[in-house]
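Heads up, the sequence shown is in numbering that gives the first Met the number 0, so the first residue is 0 and it goes up one at a time. To keep things clear, I will list the structure first and then write my remarks on it.
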Amino acid sequence: MIKVTCLGAAGTVTGSNFLVETPRGQKILVDCGLFQGGKLLEMRNWAPWDFHPDLVETMFLTHAHIDHSGRIPKLVKDGFTGKILTSKPTAELCEIMLLDSAHIQEMDAEWQTRKNKRKGHRPVEPLYTIDDAKKALPLLRAVERDEILPIAEGVRARLRNAGHILGSSILELWLELDGGEIKIVFSGDIGKANQLILKEAAHIFKADYLFVESTYGNRLHKPLEDSKKELLEAIQYAVSNHEKVIIPSFAVERTQEVIYILGEFYRNGTLPEIPIYLDSPLAIKATEIFRKNKAFYDKEALAVVDAGFDPFSLPNLHYTPSTKESIQINEQKGSAIVIAGNGMCTAGRIKHHLKHNLWRKGASIVIVGYQAQGTTGRQIVEGRKHVKIFREDVAVNARVFTIGGFSSHADQRDLLNWVGNFKSSRPKVFVVHGEPSSSAALAEKIHADLGFETHVPKWKETLYLKQKEAPVETAGAVEAEKPIEATFVETLSRLEQEIQKIKRQIQQQAVQGTLGEEDLDRLKYMEEELTHILSGRSVGR
């Protein structure tokens, strides 16, 4: 049997980390993210590993967000030397994000050390250093998506588009057991339907066990068009009061989506003529990576490019990579749009902008991303009258706009639709990567609407996955069993007839406009399964 231990993203929305162990003794990691959202959760980052890092040969990284990738340098520091398989854009993004995370770790440790010295306490070591992050980067290996790859003896894997952020992937994992095979699917983070810039998540139809995220498992997003109107309202409100629009934004994806929408406002003439500042060195670097990965854009984003526009450039958009440029933003009077990191208002330049603007009546604070429990952003969303910024009480007098429609996460409806693709294989579903109420709500909904068996794992819970038993026939009279080869021939003949029928209809344009990418994906899936049968791996099992 296969063991999967949930070492993160179980009972919480951060710290994604799953350990897969095979009967051969192979150890495979899926993600290795930072825990974020309050001291108790963040203390887990410092805890000893529940495995020996040097015994893990392979890790799969679903995407670059720090709650999925942020402990990789610590893993390497503590002995991991294996390969980290991921998509090309994820590897590129990790080169900037892990170094940025290491810089934050060093700065936090330095600040805490100065504080401890005044009290006569010991200095504090960082969780990991920039050197640790640099040692981790060569282990990242970009692999082609949509190709089944042999990973080790009895282990095959495939990365598919998750539609969440640039390069985000779903992991399909095939693991051999005595006399059979188990297929496990890890969703990573699934993108919402009609996602901006990127193609939507791939449809997958077969699994024995499914690990699905539940970040927004108990709620629905606002329609995108409504969210655009609300963003425009936030801008107009601040401009009418000669104040600033402050947008805490995640450096990867959310920042690019906000700029993309501001570009749309500019092209349709609704954007006021005020300066826009992208005040995040990390987001600036990430935007350049977006620019050069156009192959991952959806049709709408490519249409903007084909029309002669750069989706991430505006006449009034200013990049402010230096600290001096950042400080000057708050020295300038009048309206401006300021996009700064980090997205949950817990660190980075956004704290300075909030300190200067949160108390101002007439300013707009625009929350466009998920805010984990215990974060400053969550406190603002929940309506606190004062929040602590740099150990100082700051009044919340600005108007707060919480715009859920820009989320890059699937909501409950999107997740149900995506999980619904597995109806024919009916996997057992493990609901992870969500706060307890969100995970429980999605698990109940999946069971009620789709009839799948569900379970919400606890932190550090080990799951034992067996090969699924074939259903037992109990009905009526038993016919004489045909040789399996004869049944294969009959089935292939029927399939051949259907294929010929579809080809004739396409040639006659009888199905013009009714076929889409989902139909093509299903056809490719059938092709892969037939190739797999011909390889001799499945026949006779």
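We put the CB at the ideal spot given by N, CA and C, even for glycine.
Between the beta-carbon of F421 and the beta-carbon of H454, is there less than 9 Å?
Not closer than 9 Å, so no.
So, helix, strand or coil for P149, using DSSP?
strand
Rounded to a whole number of angstroms, what is the C-alpha to C-alpha distance between G10 and P280?
32 Å
Would you check if there are 3 or more beta carbon pairs closer than 8 Å linking the segment 402-415 to the segment 264-277?
no
Out of K26, Q111, D99, which has the shortest C-alpha to C-alpha gap to I609?
Outside the shown range of the chain, which is 0 to 540, sits residue 609, and nothing can be said about it.
By Cβ distance below 6 Å, which residues in the same chain neighbour F210 in space, the five residues on each side in sequence not counted?
F185, F429, V431
Where does C5 fall in DSSP's three states?
strand
Classify K584 as buried or exposed, calling it buried when 16 or more other Cβ atoms lie within 10 Å of its own Cβ.
Residue 584 is absent from the structure shown; the chain starts at 0 and stops at 540.
Start and end of the alpha helix (DSSP H) containing N240?
First-last for N240: undefined, no H or E at that position.
Could you have a look at L353 and say whether DSSP puts it in helix, strand or coil?
helix
Might you give, ordered along the chain, the residues of its own chain that have their beta carbon closer than 6 Å to the beta carbon of E171, omitting 5 neighbours on each side?
R157, V184
If you reduce the DSSP assignment to three classes, tell me which class S15 lands in.
coil
Closest to C541 by C-alpha separation, out of K387, G333, G361, would be which residue?
Given a span of 0 to 540 for the chain in the structure shown, any question on residue 541 remains unanswerable.
What separation, rounded to the nearest whole angstrom, lies between the Cα atoms of L33 and G340?
17 Å
Could you tell me the boundaries of the alpha helix (DSSP H) in which W110 lies?
87-118
Note down the Cα distance separating A141 from E20, rounded to an integer number of angstroms.
Each residue's CA atom was taken as its position, placing A141 and E20 some 23 Å apart.
So N160 is in the beta strand (DSSP E); what residue range does that whole segment cover?
154-160 is the span of the beta strand (DSSP E), which, as asked, contains N160.
Between which two residues does the beta strand (DSSP E) harbouring K182 extend?
179-185
Taking the C-alpha atoms as reference points, what is the distance between A233 and V244?
Between A233 and V244, the C-alpha separation is close to 7 Å.
Taking C-alpha atoms, which residue in K467, T490, K459 lies nearest to P47?
K459
Taking Cβ to Cβ, would you say I349 is nearer than 9 Å to F400?
Not in contact: I349 and F400 (Cβ atoms no closer than 9 Å).
Does the Cβ-Cβ distance between K134 and V55 come in under 9 Å?
no
Quick one: residues in its chain with C-beta nearer than 6 Å to the C-beta of H352, no 5 flanking neighbours on either side, listed in chain order?
I245, V337, A339
Which same chain residues, not among the five before or five after V304, have their C-beta less than 8 Å away from its C-beta?
K293, Y296, P310
Report whether the distance from the Cβ of K76 to the nearest heavy atom of the ligand SAH is below 8 Å.
As presented, the structure is devoid of all ligands, the ligand SAH included, so that no description of it is given.
With DSSP run on the structure shown, which of helix, strand or coil describes A394?
strand
Looking only at its chain, what residues have a beta carbon closer than 8 Å to the beta carbon of Y95, apart from the 5 residues adjacent to it on each side?
The amino acid occupying residue 95 in the given sequence is Ile; Tyr does not appear at that position. Cβ within range, chain order: L281, K284, A285, I288.
Could you have a look at L209 and say whether DSSP puts it in helix, strand or coil?
Here L209 carries a strand assignment [DSSP, helix/strand/coil].
Where do the ends of the beta strand (DSSP E) carrying Y318 lie?
316-318
Is Q273 helix, strand or coil by DSSP?
It is worth fixing the name first, because residue 273 is Ile in this sequence and not Gln. Note: I273 maps to coil in three-state DSSP.
Who are the Cβ neighbours of A394 in its own chain at under 6 Å, not counting the five residues just before and after it?
So the qualifying residues of the chain are W358, H385.
For the beta strand (DSSP E) containing R140, list its first residue and its last residue.
139-141
Roughly how many whole angstroms lie between the Cα atoms of Y369 and S406?
7 Å
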